[in-house]
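Structure first, commentary second.
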Amino acid sequence: MHKNNIMRLTIVMMLITLVLGACAQPTPEPTVELPAIPTEEPAEEPAEEPAEEPVEEPEVTGCPAVTVADPMGVSEGEWPQQYELAEYESLTGCKMTFSSRDEFNPRLWEVGEEHGTPMLEGDLPPVEERLPEEPMVVQPYDEIGYYGGRARWVSLGPESGNSEFLSARHVNIVRFLDDIQTIVPNVAKSYEWNDDFTEITFVLRKGHKWSDGQPFTVDDMLFWYDDIMLNEELYPEVPSYLVYGGEPMQMEKIDDLTVKIHFAAPAQGFTIMMATAYYQPWRPKHFYMDKHLDYNPDVAEIAEAEGYTDWVEYFFSWFGQWQDAVHRFGVPKLESHILVEETTEYKVFAANPYYYKVDTTGQQLPYIDEQYQSYAPDKELIELKIINGEVDQKAQSLQIASLPLYKGHEEDGNYSIQMPPGADNGRIYTFNCTHQDPVLREIFQNPKFSQAMSLAMDREEINQVLCFGLCEPRQGIPVHPTASFAKPEWFTYMTEYDPGQANALLDEIGLDQRDADGWRLRPDGKRLVIFNVYLLQTGNVALHELTKEYWEDVGVKVELKEVSSEAYRTMVSSNEHDVATFTSGMTIEPALYSNPFRLYPPFGDRALEPLCGAEWFDYWASDGASGTEPDADTLALFDLTDQWKSSLPGTEDYERLGREIVEIHRDHFWLVGTISDSPAVTIVHNRLGNTPQWTIQAWDYYRTYAFRTDQWYIKE
Numbered sequence: 012m013h014k015n016n017i018m019r020l021t022i023v024m025m026l027i028t029l030v031l032g033a034c035a036q037p038t039p040e041p042t043v044e045l046p047a048i049p050t051e052e053p054a055e056e057p058a059e060e061p062a063e064e065p066v067e068e069p070e071v072t073g074c075p076a077v078t079v080a081d082p083m084g085v086s087e088g089e090w091p092q093q094y095e096l097a098e099y100e101s102l103t104g105c106k107m108t109f110s111s112r113d114e115f116n117p118r119l120w121e122v123g124e125e126h127g128t129p130m131l132e133g134d135l136p137p138v139e140e141r142l143p144e145e146p147m148v149v150q151p152y153d154e155i156g157y158y159g160g161r162a163r164w165v166s167l168g169p170e171s172g173n174s175e176f177l178s179a180r181h182v183n184i185v186r187f188l189d190d191i192q193t194i195v196p197n198v199a200k201s202y203e204w205n206d207d208f209t210e211i212t213f214v215l216r217k218g219h220k221w222s223d224g225q226p227f228t229v230d231d232m233l234f235w236y237d238d239i240m241l242n243e244e245l246y247p248e249v250p251s252y253l254v255y256g257g258e259p260m261q262m263e264k265i266d267d268l269t270v271k272i273h274f275a276a277p278a279q280g281f282t283i284m285m286a287t288a289y290y291q292p293w294r295p296k297h298f299y300m301d302k303h304l305d306y307n308p309d310v311a312e313i314a315e316a317e318g319y320t321d322w323v324e325y326f327f328s329w330f331g332q333w334q335d336a337v338h339r340f341g342v343p344k345l346e347s348h349i350l351v352e353e354t355t356e357y358k359v360f361a362a363n364p365y366y367y368k369v370d371t372t373g374q375q376l377p378y379i380d381e382q383y384q385s386y387a388p389d390k391e392l393i394e395l396k397i398i399n400g401e402v403d404q405k406a407q408s409l410q411i412a413s414l415p416l417y418k419g420h421e422e423d424g425n426y427s428i429q430m431p432p433g434a435d436n437g438r439i440y441t442f443n444c445t446h447q448d449p450v451l452r453e454i455f456q457n458p459k460f461s462q463a464m465s466l467a468m469d470r471e472e473i474n475q476v477l478c479f480g481l482c483e484p485r486q487g488i489p490v491h492p493t494a495s496f497a498k499p500e501w502f503t504y505m506t507e508y509d510p511g512q513a514n515a516l517l518d519e520i521g522l523d524q525r526d527a528d529g530w531r532l533r534p535d536g537k538r539l540v541i542f543n544v545y546l547l548q549t550g551n552v553a554l555h556e557l558t559k560e561y562w563e564d565v566g567v568k569v570e571l572k573e574v575s576s577e578a579y580r581t582m583v584s585s586n587e588h589d590v591a592t593f594t595s596g597m598t599i600e601p602a603l604y605s606n607p608f609r610l611y612p613p614f615g616d617r618a619l620e621p622l623c624g625a626e627w628f629d630y631w632a633s634d635g636a637s638g639t640e641p642d643a644d645t646l647a648l649f650d651l652t653d654q655w656k657s658s659l660p661g662t663e664d665y666e667r668l669g670r671e672i673v674e675i676h677r678d679h680f681w682l683v684g685t686i687s688d689s690p691a692v693t694i695v696h697n698r699l700g701n702t703p704q705w706t707i708q709a710w711d712y713y714r715t716y717a718f719r720t721d722q723w724y725i726k727e
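Residues in the sequence shown are numbered from 12 upward in steps of one, following the numbering used here.
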């Protein structure tokens, strides 16, 4: 038994008391049913004495400072915590006047001139002309905020552990409310499904503008879909999250503000995906036209002049679904903050003068002037920044093992600690089932090898060392235990610590020969060595050190190496890895249902975190023209998943298909789990106002996105 690094009993007891006190409520189990389209009667007018003589317009006296904490007797609107302007004025009897900050960051003008892509030119028009005619009216959580300040985030690198920062300024067409149950309009003014969930209609806001002041319309949504996602040079395969019933969805323009999306099969999960994902179903057509071959026949010459191989590579230097992978200035946005400065050490984003939301008194959001993200390439530097009070909010990549450190500096660092539930299935290991080395490929495709590696792990020790006993053994099933169709036995299957059985399984599959040093030999006589190349973003180094010991105890030599996120992603996307280690997020039922990429090869995002089976995916996507053919069960996962995401939650087909998919996973044993997700350490600096109590801390709900960062403000 390996008991190194276990915390002293007194510290463990302190942590158990702290965490259990903070996590008294169970993990939320979000419903997979979409919120019903409201059918209730319109909210009643406030109970006030009518004016003696009716007037056409309410008196222009300003609107009340309604907040979630103090609604001031104003009724809730159609959607919680937000109103449409006419709705709010009707409920309050006020006529809203608008205001904004006195000055915007001059870099919004300067950076465009420096890089030849102007973001703003000349004087800004009045705030009334920058806002939509129908802005969203937002109830701040606690109080009306005020302008100013810089919110400070930290990540491991420009594209490593930074999704939390990106989510803090993100917008999408709809979003989850912070109850993690209700999907509300966001960029869209409204949305409505037809009865069988094969058509959804979105209505945009009249007068909504891009950050450069140009109109945002349905044409920008059609440009994103028809000209980018359906362009075979840019996307040879339509992404699976846009395919239902085996057919890509279709967009229909009804008018400049109304779009209808048609699906070949029920697509109830589409709004869940839109509410949680970083994907945005629009791009500024006016900006991208000269970068797209269909609109500019000279774009290839422009691309060549800038050193790109073709127009596609040039286009992707300006466009990316993952916004922070684009290192260009001047791209118009709808987000709350716009990139104005980027170095190898930090990024700065400035408040968007054309942002479409106001608070209940008419102040244009966001309140915070700047969002600042610095880079700290190891966890010790991140910890130092936090305890020194240099970080305003952080949860992503923080480890519960560091909780004693954070707790010890909570007062002098001037921050508070929250411990909301996490949502994933913990860290997993996946041996590369389509390895380029044919000997390793055969070993790794044998489920008994993964079973042996699972049985060799002492998960109780892992739990104590990494989670202070607060987690539990968890097998690598790509479905969260809270799913409606989940079976408890899936998650404990072969999680017991049994090195004897592990040794027997390894012997059984032909790894029974050892060299003079006791290491197992491959069938070709070479020493069996597994290179675990990992990145800090994917978990505690102590986990990899422990699993190295466990696997070496059964004769499998392991070499560890930490690399950057960029190097790791290059390695796994090139199919050059022995074992992949990543989180198993996006397994909570609503998120999985909306985008079930975890269920079929390569069991992770194709570009960011493929686990194994990329060649199998290529075979399926190309109808056998490329890649490697998998066995019949594995190939069936693609079709079964497509059927499942078009079935209706709660039906017999939905549960049957879900269970059939998981049974294939259990039999093939691609994903080897360790322990369940721990309560999520969440740091919130006390100088931030209008911050919430997190109900969940998870990638599945896009980090901070549900918790309305545009109404946070700096108190000092």
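Glycine residues also receive a C-beta, built at the ideal position from the N, C-alpha and C atoms.
- Note on geometry: alpha-carbon atoms of glycine 373 and leucine 622 lie some 48 Å from one another.
- Between the C-alpha atoms of leucine 96 and proline 151 there is a straight-line separation of about 15 Å.
- For lysine 368, the secondary structure class from DSSP, reduced to helix, strand or coil, is strand.
- Judged by DSSP in its simplified three-state form, aspartate 190 adopts coil rather than helix or strand.
- According to DSSP, arginine 163 shares a beta bridge with Tyr383.
- With 16 or more other CB atoms across the displayed protein chains lying within 10 angstroms of its CB, glycine 437 is buried.
- A straight-line Cα-Cα distance of about 12 Å links leucine 610 and glycine 596.
- Within the same chain, Cβ atoms closer than 7 Å to the Cβ of glycine 331 are found at Val337, the five residues on either side in sequence being excluded.
- DSSP links threonine 320 through a beta bridge to no other residue.
- Measuring C-alpha to C-alpha distances from glutamate 483 to each of Asn514, Val565, Gly684 and Lys405 identifies Gly684 as the nearest.
- Nearest to serine 178 by C-alpha distance, out of Tyr724, Ala406 and Met300, is Ala406.
- DSSP places histidine 696 inside the beta strand (DSSP E), whose first and last residues are 693-696.
- For glutamine 429, the enclosing beta strand (DSSP E) stretches over residues 426-429.
- Rounded to the nearest angstrom, the Cβ distance from threonine 212 to lysine 271 is 5 Å, consistent with a contact under 8 Å.
- Annotated as distal: phenylalanine 628 and proline 607, with beta-carbon spacing of 8 Å or more.
- Shown here for alanine 286: same chain residues with a beta carbon closer than 6 Å to its own, the five before and five after excluded, namely Val185, Arg186, Phe187 and Ile194 in chain order.
- Out of Thr108, Lys106, Met107 and Gly133, the CA that lies nearest to the CA of arginine 118 is found in Gly133.
- Counting along the chain, glutamate 139 sits inside no beta strand (DSSP E); it lies in the alpha helix (DSSP H) bounded by residues 138-141.
- Looking at the DSSP output, valine 342 bridges to nothing.
- Secondary structure within the region 572-652: the alpha helix (DSSP H) runs of 4 or more consecutive residues, fully enclosed, are 576-584, 600-605 and 625-632 (chain order).
- Of the residues Gln475, Leu648, Arg112 and Ala625, the one whose Cα lies closest to the Cα of serine 637 is Ala625.
- Excluding five sequence positions before and after histidine 679, the CB atoms of its chain that fall closer than 6 Å to its own CB belong to Pro458, given in chain order.
- Close CB contacts of histidine 491 within its chain, under the 6 Å cut and outside five residues either way in sequence, are with Thr598 and Ile599 (chain order).
- By the Cβ criterion, the region 511-519 is in contact with the region 447-463, since at least three pairs of Cβ atoms, one from each stretch, lie closer than 8 Å.
- Nearest to aspartate 469 by alpha-carbon distance, out of Ile686, Met240, Val77 and Leu102, is Ile686.
- Here aspartate 266 carries a strand assignment [DSSP, helix/strand/coil].
- When only Cα atoms are considered, arginine 531 and threonine 354 end up about 48 Å apart.
- Two segments are said to touch when three or more pairs of C-beta atoms, one from each, lie closer than 8 Å; by this definition the region 396-405 touches the region 164-172.
- By the Cβ-count criterion, aspartate 711 is buried, with 16 or more other Cβ atoms from all chains shown falling within 10 Å of its own Cβ.
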